[in-house]
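Engineer: Just so we're aligned: the sequence shown equals residues 19 to 336 in my numbering.
The beta-carbon is built from N, C-alpha and C at its ideal position, and this holds for glycine as well.
All values reported here derive from a predicted model rather than from experimental measurement.
Please read through the structure below; I'll follow up with questions.
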Amino acid sequence: MFRFATPYALLLLLLPLLLWFWRRWRQRQRAAVGFSSLQQVRRTARSWRLRLSWLPGGCLLLCWCCLCLALARPQAGREQIHDASQGMAIEMVIDKSTSMSQEMEYANQRMNRLEAVKKVFASFVFGDAGKDLRGRSSDLIGMITFARYPDTVCPLTLSHAALRPFLESVQLVNVRSEDGTAIGDALALAAARLQTAEETLAVQTRKDPSAYQIKSKIIILLTDGENNCGRRNIAEAAELARNWGIKVYAIGVSGGEGVGVINTLLGSFKIPGRQQQFDTSELESLAEKTGGIFRLATDSESLLAIYQEIDRLERSEV
């Protein structure tokens, strides 16, 4: 798409033409001496100075045209307009505790659980035809990570391009005092963010009926452990989400190789460990109370299949 930001500046291109007409008119008003013939003058040899006498004026005219074009501010680019009247508000709640450092295979590459989750999450949000994921272009997407403390990494937004760098910046917690699994606190924060967004948009809709409307509110929780710290437990967070009409899709991650990664001043080291198993009953109850589902991912393929299932269950109208 090409346009001029200030097209009225192009009218200045007419100024040299107006000056030329004005000068011609003034010349006709002056007294002149008549000559019988100009043949002798035309036969006189012309110097290079005379031959190039038009050059200063031509350069001046060219500079004027360039100046006018610059003032008009030409702009070129692609314009992408996305018009969504309603959609879902989805909070991604991702565990970044040290237990997520255990490795699993994704796309024939070895990586820790968190990195695999980030890749599947990106496909879910932005779409990936090869993985049967159409993307969530009409939905508000936000992201919260947690270990001992929950953190809003990206607020709910329709500008998903802004979400990508935040997603890529998510790393495993590397401070022991911040390690833990505060699922209840993270869920409560996500629920509060969704409820606040709905209330804010409801006020805007009353002023402008064409404003964006939230069709439903969803939390997608991914963790590989049990709630072991924080001010709220999972049952309290589930009650809060249910009261606000928020579905929770809970994904538990288990299985894979019992290999962890620890970061030290000398670098990162892999350490062997047991395959971590955890009690999923609280997550199952959480999903049941809020109208969502619980699924257990034992490898990257099952993790991708779960996101595909959620993608099919929850679609937005444009």
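1) Pairs of beta-carbons, one from the stretch 231-239 and one from the stretch 181-194, closer than 8 angstroms: are there three or more?
2) Use the C-beta contact count for Gln222: other C-beta atoms within 10 angstroms, 16 or more gives buried, fewer gives exposed.
3) Straight-line CA distance for Asp317 to Leu185?
4) Quick one: Cα of Ala23 to Cα of Leu35, how far?
5) Let me know if Tyr325 comes out buried or exposed under the rule of 16 or more other beta-carbons within 10 Å of its beta-carbon.
6) Could you check the C-alpha separation between Glu244 and Ile112 for me, to the nearest Å?
7) Quick check on DSSP: helix, strand or coil for Leu322?
8) Counting pairs of Cβ atoms below 8 angstroms between the stretch 243-259 and the stretch 205-215, do you hit three or more?
9) Say whether the stretch 167-176 touches the stretch 129-142, bearing in mind that this needs 3 or more beta-carbon pairs closer than 8 angstroms, one atom from each stretch.
10) So, helix, strand or coil for Arg166, using DSSP?
11) Got a sec? Which residues, its chain only, sit under 8 angstroms from Leu219 by beta carbon, not counting five neighbours each side?
12) How close, in whole Å, do the beta carbons of Met110 and Ile159 come, if the pair is a contact with beta carbons under 8 angstroms?
13) Under the three-state reduction of DSSP, which class applies to Asp329: helix, strand or coil?
14) Between the alpha carbons of Gly105 and Leu176, how many angstroms are there, rounded?
15) Which residues in the same chain have their Cβ closer than 6 angstroms to the Cβ of Leu94, if we skip the five residues on either side of it in sequence?
16) How close, in whole Å, do the beta carbons of Leu28 and Cys86 come, if the pair is a contact with beta carbons under 8 angstroms?
17) In the DSSP assignment, find the unbroken beta strand (DSSP E) run with Arg224 in it and report its ends.
18) Can you tell me which of Leu80, Thr241 and Ser155 puts its alpha carbon nearest to the alpha carbon of Thr163?
19) Taking its Cβ as the centre, do 16 or more other Cβ atoms sit within 10 Å of Gly310, making it buried, or is it exposed?
20) Quick check on DSSP: helix, strand or coil for Arg128?
21) Does DSSP classify Phe139 as helix, strand or coil?
22) Assign Tyr124 to buried or exposed, taking buried as 16 or more other Cβ atoms, counted over all protein chains shown, within 10 Å of its Cβ.
23) Name the two residues that bound the continuous alpha helix (DSSP H) containing Ile252.
24) Suppose the cutoff is 6 angstroms on Cβ atoms and the five residues either side in sequence are ignored; what does the same chain contact list for Ala200 look like?
25) Suppose the cutoff is 7 angstroms on Cβ atoms and the five residues either side in sequence are ignored; what does the same chain contact list for Trp82 look like?
26) Among Leu212, Gln120 and Leu32, which residue has its Cα nearest to the Cα of Ser272?
Structural biologist: Let me spell this out:
1) no
2) Sequence index remark: in the sequence shown, residue 222 carries index 204 (1-based). Under this definition Gln222 is an exposed residue.
3) Indexing the sequence shown from 1 puts residue 317 at position 299. Indexing the sequence shown from 1 puts residue 185 at position 167. Roughly 21 angstroms between the two C-alpha positions.
4) Residue numbering aside, residue 23 sits at position 5 when the sequence shown is read from its first letter. Residue numbering aside, residue 35 sits at position 17 when the sequence shown is read from its first letter. In a straight line, the C-alpha of Ala23 is about 24 angstroms away from that of Leu35.
5) Locating residue 325 in the sequence shown gives position 307, counting from the first residue. Here Tyr325 is buried, its C-beta having at least 16 other C-beta atoms within 10 Å.
6) Position 226 of the sequence shown, counted from the first residue, corresponds to residue 244. Position 94 of the sequence shown, counted from the first residue, corresponds to residue 112. The alpha-carbon of Glu244 is positioned some 13 angstroms away from that of Ile112.
7) As a working note, residue 322 is residue 304 in the sequence shown. Leu322: helix per DSSP, three-state reduction.
8) yes
9) Between the stretch 167-176 and the stretch 129-142 there are fewer than three C-beta pairs closer than 8 angstroms, too few to call the two in contact.
10) Taking the first residue of the sequence shown as position 1, residue 166 is located at position 148. Coil.
11) Translated into the one-based positions of the sequence shown, residue 219 becomes position 201. Counting only Cβ-Cβ distances below 8 angstroms, and skipping sequence neighbours, we find Ala229, Tyr230, Gln231 and Ile232.
12) The residue you call residue 110 lines up with position 92 of the sequence shown. The residue you call residue 159 lines up with position 141 of the sequence shown. The pair is a contact, with the Cβ atoms about 7 angstroms apart (cut-off 8 angstroms).
13) Looking up residue 329 in the sequence shown gives position 311. Asp329: helix per DSSP, three-state reduction.
14) What you label residue 105 is simply residue 87 of the sequence shown in a count that begins at 1. What you label residue 176 is simply residue 158 of the sequence shown in a count that begins at 1. Straight-line Cα distance between these residues: approximately 10 angstroms.
15) As a working mapping, residue 94 is identified with position 76 in the sequence shown. At residue 94 the sequence reads Ala, which differs from the Leu that was named. If we look at Ala94 and ignore the five residues flanking it on each side, its Cβ neighbours are Phe20.
16) If you number the sequence shown from 1, residue 28 lands on position 10. If you number the sequence shown from 1, residue 86 lands on position 68. Right, the Cβ-Cβ distance comes to about 6 angstroms (below 8 angstroms), so this counts as a contact.
17) Indexing the sequence shown from 1 puts residue 224 at position 206. It is not in any beta strand (DSSP E) - Arg224 instead sits in the alpha helix (DSSP H) that spans Ile201 to Lys225.
18) To locate residue 163, count along the sequence shown from 1; it is residue 145. Ranking Leu80, Thr241 and Ser155 by Cα distance to Thr163 puts Thr241 first.
19) The residue labelled residue 310 in the question sits at position 292 within the sequence shown. Classification of Gly310: buried, given that the 10 Å Cβ count is 16 or more.
20) The residue you call residue 128 lines up with position 110 of the sequence shown. Here Arg128 sits in strand by DSSP.
21) Residue numbering aside, residue 139 sits at position 121 when the sequence shown is read from its first letter. Helix.
22) For the purposes of this step, residue 124 is identified with residue 106 of the sequence shown, where counting begins at 1. Flag for Tyr124 reads buried.
23) Counting from 1 along the sequence shown, the entry for residue 252 is found at position 234. Segment Ile252 to Asn261, the alpha helix (DSSP H) holding Ile252.
24) In the sequence shown, the residue the question calls residue 200 occupies position 182. Phe164, Arg166, Cys247 and Gly248.
25) For this step, residue 82 is matched to residue 64 along the sequence shown. Hits under 7 angstroms: Pro34.
26) Sequence index remark: in the sequence shown, residue 272 carries index 254 (1-based). Measuring from the Cα of Ser272, the nearest candidate turns out to be Gln120.
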